[in-house]
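**Q**
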Amino acid sequence: MTSVSVFVTNNTYIDFDVFGHWLNGLTVHEAVQARFQSGILQTTGASPDVLQSDTLDNYRTFSLLERFLQAPPKLATQVLLQIPAAVQRKLIEKYYDFDSEVIREILGKKLTNRHRKDVDDVSERTNIRLRSCRRQVTKSCLEISKEKVQKVLMIVKRALLTKLFLLRFLQYDNCKNIFKTVEDMEGSLVNNISVHFLLPEKLAKKYAAIVFFSNNRFETGKKKLQYLSFDDFAYCADLMIHNWTFGAAGKSKLHSLKNSQADDMDVEMDRVFLQELRDLKVLTGDKDVYEKHRGLVCSALRGKIPDPTYADIESNFKNLSRCIVSVASGLIHSKELKDFFVDLVEKFIEPCKNARWSKRDVEAFLKAYEAAIQQIPQLKRFQPHLLIVWTRYMTTLKKCILQLYHS
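Given below as structure tokens:
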């Protein structure tokens, strides 16, 4: 007689542990083994056959749900499965969650099918879960010869990377899907992502950073930037979106007329603002302005920072100022905008680190450097608009530098 397994349910029950296995690319058999090792049979009193059937049923459910998860608003209107709203939200959040180490590797790249193949290399570089697996396998193989251990590790690595590729492709495709959906939308980038993908604000902000970096093609892969994490870049992206984009300009009466065609665009940099930044060259090009600025900064810092740092500022003020101003004036050009983070690290952060500045020293200098401009008579009298541009620029730049300045 043929045996038949039947599950009768009203509201669909989602086992999020099994969902995690499915997201990680485990097969049904591997998920069963993982659940067995967790002690679920002892806890529930179920048989191995029931565990197998339950896991398979969960996997069928997830396969049915995936097309709705790719367009989250449809999940609430589908009639195939009855899922409580709270469970729907949790499903969506977990489906769109990602490993920061993986996204860090593709940050700033154009999200196209051509770059999808790079995900294999990302998986090799990040090695998430591989180190833990290697440690566990080696521990259980202490009595085996070195050659056999290496063979076991190679088999495990191949199997694990296959699962990792599936997980990475899912994360990459989620990023690409969100990018394609919101890149041309007007309004708040974070809000657009939240509305169209039903993501919580914290996760929507992370995806907003990914979209912003991909659209503007910021360089993040250079060797000297490898110490920076995804969270470092996401923090800076949030600042730039709120202060340097058309969206930021649209909130300002000063720019509302100039940007009437593109206000509230959080993806595009405010070209009017970037053009105005070129006028900051007066800070290093006009001798009287430069000397006044230097004197005000040094006066504000005297006795408030270590003597070696103060001496370094006095002797290298021109180089420090030139860096900050040249970064500002170059942002209008796509190449300089792309290299924004490279320039900050190379021209400002590394010299300060080499001079043994503490993060507190950097913060004190940037505050004094920003505030001193407001006290220069020539600018207050003849170029008052430049002071507004300066504040808009330095408010973001200062916080970005401090975020990137790791001890």
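So the sequence shown is numbered by our numbering: it starts at 18 and just counts up by one.
Every residue gets a Cβ at the ideal spot worked out from N, C-alpha and C, and that includes glycine.
(1) Using the Cα positions of Ala-385 and Val-314, report the straight-line distance between them to the nearest angstrom.
(2) Give me whichever residues DSSP pairs with Gly-238 in a beta bridge.
(3) By Cβ distance below 7 Å, which residues in the same chain neighbour Tyr-76 in space, the five residues on each side in sequence not counted?
(4) Specify the secondary structure class of Met-202 as computed by DSSP and reduced to three states.
(5) Rounded to the nearest angstrom, what separates Lys-416 and Thr-198 at their Cα positions?
(6) Going by C-alpha to C-alpha distance, which of Phe-250, Asp-329, Lys-240, Phe-358 sits closest to Ala-372?
(7) Rounded to the nearest angstrom, what separates Val-369 and Cys-340 at their Cα positions?
(8) What three-state label does DSSP hand Thr-29 in the structure shown?
(9) For a minimum of 4 consecutive residues, which ranges assigned as the alpha helix (DSSP H) are wholly contained in the stretch 301-384?
(10) So is the beta-carbon of Ser-346 under 7 Å away from any non-hydrogen atom of the ligand FAD?
(11) Would a C-beta distance cut-off of 8 Å place Lys-127 and Ser-205 closer than the cut-off?
(12) How about Leu-124 and Ile-258: do their beta carbons lie closer than 8 Å?
(13) Which residue from Tyr-422, Glu-363, Glu-293, Ser-375 puts its Cα closest to that of Trp-407?
(14) Pairing CB atoms from the stretch 63-75 with CB atoms from the stretch 89-99, are three or more of them under 8 Å?
(15) Taking its Cβ as the centre, do 16 or more other Cβ atoms sit within 10 Å of Gly-264, making it buried, or is it exposed?
(16) Residue range of the alpha helix (DSSP H) that Pro-401 falls in?
(17) Buried or exposed: which applies to Leu-421, given that a residue is buried once 16 or more other Cβ atoms fall within 10 Å of its Cβ?
(18) For Asn-233, report the span of its alpha helix (DSSP H) as first-last.
**A** Once the coordinates are examined:
(1) 5 Å
(2) Note: Gly-238 sits in no beta bridge, so no partner.
(3) Trp-39, Val-45
(4) In the structure shown, Met-202 sits in coil (DSSP, three-state: anything other than H, G, I, E or B).
(5) 30 Å
(6) Asp-329
(7) Looking at the sequence shown, residue 369 is not Val but Cys. For the pair Cys-369 and Cys-340, the Cα-to-Cα distance works out to about 12 Å.
(8) For Thr-29, the three-state secondary structure derived from DSSP is coil.
(9) 304-318, 324-347, 351-355, 357-360, 367-371, all fully within the stretch 301-384.
(10) The ligand FAD is absent from the structure shown, which contains no ligands of any kind.
(11) no
(12) no
(13) Of Tyr-422, Glu-363, Glu-293, Ser-375, the residue nearest in Cα terms is Glu-293.
(14) no
(15) buried
(16) Element bounds for Pro-401: 401-421.
(17) Buried is the call here.
(18) 218-233
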